[in-house]
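Residue numbers (our numbering): 47 to 406.
For each residue, glycine too, the CB sits at the ideal point set by N, CA and C.
Since the structure comes first, as structure tokens, the remarks are kept for the end.
See the structure below:
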């Protein structure tokens, strides 16, 4: 899956070709920083993506040097991927290609097959969603062996999955590490969702009703998007709803919180939880595989298996400024260690065997 020898941007010809599908906000959370980091090292790139009107606002955020190859967003998924594959194979055939990056499980499967059929002999890199996708990545590797070996023509063993997989995790922007903590005057529990998950809003509204009595004096804020039904539910529970337009605004809203709550109900990389950690918020999270992958229980936050545990952990943090400060500082340090920009670039370049030479 990777080059046997390191290469530098000045030594290698060709470009990196990405096959994505729809570039949603979640997908761009990894793809945007990855393409920018490579572009800033002089690596030429092309991104083959489905042209979905809902996500066109993300396209101008790609680095100017990245070529965007848009394919129609057909309702029929078979037709949609047929067009995407045709464009992908045309980009590969135009060559030269130094590496192929496949984003998502379906692009991993069909992109590997298309690259083989096109006769491209380059490193393939697979990027399922989030760090907790390591298991699906291994399963994908097994399927890739079957798909790429299902040709009647005798060929070398194709795309064996290496025992050691380089894990490149979605980064957190500098806005979250740089913002200063500014706790609200009264205890404030914050959460939110960047990808409009109704289940998360429902769980947060239930908790707000449970803990929002006047005797406790707790406030609750929802940061980010919400559909109409979730908006009604949140407002009925006296939850403040704050749509945000930028990462900097989201960081400011998070910084006012006393505690961040990560409810269950969502799948994939818990980006807002990691951003809250980067801000320095102590976190209380429902015990899910994705949250377990991020939180160190008792150090950077609490993992809870019941409503009673959630209430108890929030109360413990509200009552102890010292605990909030200590746990928040540990959370920020952990976020920087795993999800900071420097760590992301180092991991990305290592996965590509890209040796970066100082410029100027």
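Given a threshold of 16 other Cβ atoms within 10 Å of its Cβ, counted over all protein chains shown, does residue i qualify as buried or as exposed?
i           : result
residue 64  : buried
residue 352 : exposed
residue 372 : exposed
residue 228 : exposed
residue 145 : buried
residue 380 : buried
residue 215 : buried
residue 136 : exposed
residue 284 : exposed
residue 99  : exposed
residue 219 : buried
residue 121 : exposed
residue 124 : exposed
residue 384 : buried
residue 274 : exposed
residue 140 : exposed
residue 171 : buried
residue 374 : buried
residue 61  : buried
residue 149 : buried
residue 203 : With a pLDDT of only 32 at residue 203, under 50, the local geometry of the prediction cannot be trusted, and no value is derived from it.
residue 103 : exposed
residue 165 : exposed
In angstroms, rounded to a whole number, what distance separates the CA positions of residue i and residue j?
i           : j           : result
residue 299 : residue 126 : 39 Å
residue 393 : residue 213 : 7 Å
residue 249 : residue 396 : 40 Å
residue 114 : residue 132 : 15 Å
residue 278 : residue 329 : 26 Å
residue 87  : residue 111 : 11 Å
residue 281 : residue 264 : 15 Å
residue 232 : residue 367 : 13 Å
residue 107 : residue 169 : 26 Å
residue 362 : residue 307 : 13 Å
residue 388 : residue 74  : 18 Å
residue 182 : residue 369 : Note that residue 182 scores 38 on pLDDT, short of 50, meaning its location in the model is unreliable and no value can be drawn from it.
residue 296 : residue 288 : 9 Å
residue 116 : residue 243 : 27 Å
residue 398 : residue 376 : 31 Å
residue 237 : residue 310 : 11 Å
residue 269 : residue 293 : 11 Å
residue 119 : residue 155 : 19 Å
residue 235 : residue 161 : 48 Å
residue 80  : residue 391 : 8 Å
Based on the DSSP secondary-structure assignment, which residues constitute the bridge partners of residue i?
i           : result
residue 74  : Residue 74 pairs with nothing; no bridge assigned.
residue 266 : 235
residue 310 : Answer is none; residue 310 lacks a bridge partner.
residue 6   : The structure shown has nothing for residue 6, since the chain only spans 47 to 406.
residue 318 : Answer is none; residue 318 lacks a bridge partner.
Between residue i and chain C, is the shortest Cβ-Cβ distance under 7 Å, so that the two count as touching?
i          : result
residue 77 : Absent here is chain C; the protein component of the structure consists of one chain.
For residue i, which of helix, strand or coil comes out of DSSP?
i           : result
residue 108 : coil
residue 337 : helix
residue 144 : strand
residue 367 : helix
residue 353 : helix
residue 395 : helix
residue 290 : coil
residue 137 : helix
residue 447 : For residue 447 there is no data in the structure shown, the boundaries of the chain being 47 and 406.
residue 386 : coil
residue 347 : strand
residue 213 : coil
residue 80  : helix
residue 132 : helix
residue 379 : helix
residue 88  : coil
residue 295 : helix
residue 227 : coil
residue 342 : coil
Which residue comes first and which comes last in the beta strand (DSSP E) that contains residue i?
i           : result
residue 328 : Note, residue 328: premise wrong, no beta strand (DSSP E); not H, not E.
residue 113 : 113–118
residue 171 : 169–173
How would you write the range of the alpha helix (DSSP H) that residue i sits in, first residue to last?
i           : result
residue 256 : 244–257
residue 154 : 151–164
residue 68  : First-last for residue 68: 61–68, but that is the beta strand (DSSP E), not the alpha helix (DSSP H).
residue 278 : 274–282
residue 91  : No alpha helix (DSSP H) holds residue 91; the beta strand (DSSP E) holding it covers 91–97.
residue 224 : 220–224
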